[in-house]
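Following this note's numbering, the numbering of the sequence shown begins with 23 at its first residue and continues without gaps.
Yeah, the Cβ is synthetic: ideal placement off N, Cα and C, and Gly gets one too.
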Amino acid sequence: MRLDKYLADLQVGTRSQVKEYVKKGLVSVNGQVVKKADIKIDEATDEVRYQGKSLSYQKYRYYMLHKPSGVVTATKDNIDKTVIDLLPKELTKDIFPVGRLDKDTEGLLLLTNDGELSHNLLSPKKHVAKTYYVECDGQLDNVKIEQLCAGVDIGDEAITLPAKVEVITIKDDNYVIKLTITEGRFHQVKRMIQAIGGQVIYLKRLSMRSLVLDETLEKGDFRELSAEEIAGLKS
Ligand code: URA
């Protein structure tokens, strides 16, 4: 990464300010004062100091995205806009989505460059809880909802693991529920609702392990996770 970009990313100053600071000899790399702002540094290994103070570059970055409908959960796509396209370009290096939400699903999506955390959250052995807000259409009733809790046949080898259901409203044949599952099978929620004779008409992820969607984020917006949120995901 260019030194001036690195310094600007760390908010030492604007791009033109940091160039001035470098010219004035206020910046050193690995103990040597440097006078050129366009030199390349390795942000993972080089030690950069500004006015003698060591700057640290975050190795891992964690962003919470409020995924809107209509974007695909991928890093690249030839046709559709991706969740990565919703971040400013300079933040996207090595960033990928943790798990997948369907194109028409909204809500919480974690974006990071931390492969180990991603692996731990997605591993089928870890049974990480994910809660969804689900609007369903169809002839559902409490017996069927109980089946959903116990586990249903969605056409895979095994029935789904026990789930938690909180019924929010029932209106005519429409159910609005909060569904918590601990697996991440393909189209799992939609297939679970189909298995009990319903159809998902709106789906939004509310939480993953301890991480809860920040409802102050507009659809399509993102923010960095707080230290507590990161610790919660790792615990
Ligand atoms: N289950 C689904 O069916 N779709 C999603 O996007 C997430 C979970």
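Going by C-alpha to C-alpha distance, which of the options sits closest to residue i?
i: leucine 133; options: Gly160, Leu162, Thr95; result: Thr95
i: cysteine 171; options: Glu188, Ile252, Gly160, Lys115; result: Glu188
i: threonine 67; options: Ala217, Leu239, Tyr79; result: Tyr79
i: valine 40; options: Ile101, Asn52, Ile167, Arg24; result: Arg24
i: lysine 75; options: Asp60, Tyr82, Val34; result: Val34
i: leucine 225; options: Asp175, Leu109, Tyr155; result: Tyr155
i: glutamine 221; options: Tyr28, Tyr197, Thr202, Gly206; result: Tyr197
i: aspartate 116; options: Leu87, Ser145, Arg83, Pro146; result: Arg83
i: isoleucine 252; options: Asp60, Tyr85, Gly53; result: Tyr85
i: proline 90; options: Glu240, Glu250, Ile167; result: Glu240
What first and last residue would you give for the alpha helix (DSSP H) that runs through residue i?
i: arginine 37; result: 37-45
i: isoleucine 167; result: 164-172
i: valine 211; result: 210-217
i: isoleucine 252; result: 249-256
Less than 8 Å between the beta carbons of residue i and residue j, yes or no?
i: leucine 235; j: glycine 129; result: yes
i: serine 229; j: threonine 127; result: no
i: aspartate 136; j: glutamine 161; result: no
i: threonine 97; j: phenylalanine 118; result: yes
i: valine 70; j: valine 44; result: no
i: leucine 139; j: leucine 131; result: no
i: phenylalanine 244; j: leucine 77; result: no
i: isoleucine 176; j: alanine 151; result: no
i: aspartate 102; j: lysine 125; result: yes
i: isoleucine 223; j: cysteine 158; result: yes
i: lysine 166; j: glycine 219; result: yes
How long is the line joining the alpha carbons of residue i and residue j, rounded to whole angstroms?
i: glutamate 112; j: isoleucine 181; result: 43 Å
i: tyrosine 72; j: leucine 48; result: 6 Å
i: glycine 92; j: arginine 227; result: 15 Å
i: leucine 247; j: asparagine 142; result: 17 Å
i: lysine 186; j: lysine 200; result: 8 Å
i: serine 232; j: lysine 58; result: 45 Å
i: serine 257; j: leucine 32; result: 28 Å
i: asparagine 164; j: lysine 212; result: 18 Å
i: threonine 191; j: tyrosine 28; result: 50 Å
i: glutamate 205; j: aspartate 64; result: 38 Å
i: histidine 149; j: isoleucine 203; result: 8 Å
i: proline 184; j: proline 110; result: 39 Å
i: aspartate 26; j: glutamate 168; result: 59 Å
i: proline 146; j: phenylalanine 208; result: 12 Å
i: isoleucine 46; j: lysine 62; result: In the sequence under discussion, the amino acid at residue 46 is lysine, which differs from the isoleucine named in the question. The alpha-carbon atoms of lysine 46 and lysine 62 are separated by roughly 18 Å.
i: glutamate 42; j: glycine 53; result: 19 Å
i: threonine 36; j: threonine 114; result: 20 Å
For the beta strand (DSSP E) holding residue i, just list the boundary residues, first then last.
i: methionine 230; result: 220-230
i: histidine 141; result: Careful: histidine 141 lies outside any beta strand (DSSP E), inside the alpha helix (DSSP H) at 137-144.
i: glycine 74; result: No beta strand (DSSP E) holds glycine 74; DSSP gives it neither H nor E.
i: asparagine 258; result: For residue 258 there is no data in the structure shown, the boundaries of the chain being 23 and 257.
i: arginine 245; result: 244-246
i: tyrosine 155; result: 152-160
i: valine 131; result: The sequence shown places leucine at residue 131, not valine. 128-134 is the span of the beta strand (DSSP E), which, as asked, contains leucine 131.
i: lysine 27; result: Per DSSP, lysine 27 belongs to no beta strand (DSSP E); it is in the alpha helix (DSSP H), 25-31.
i: lysine 186; result: 186-193
i: valine 49; result: 49-51
i: leucine 113; result: No beta strand (DSSP E) contains leucine 113, which DSSP labels as neither H nor E.
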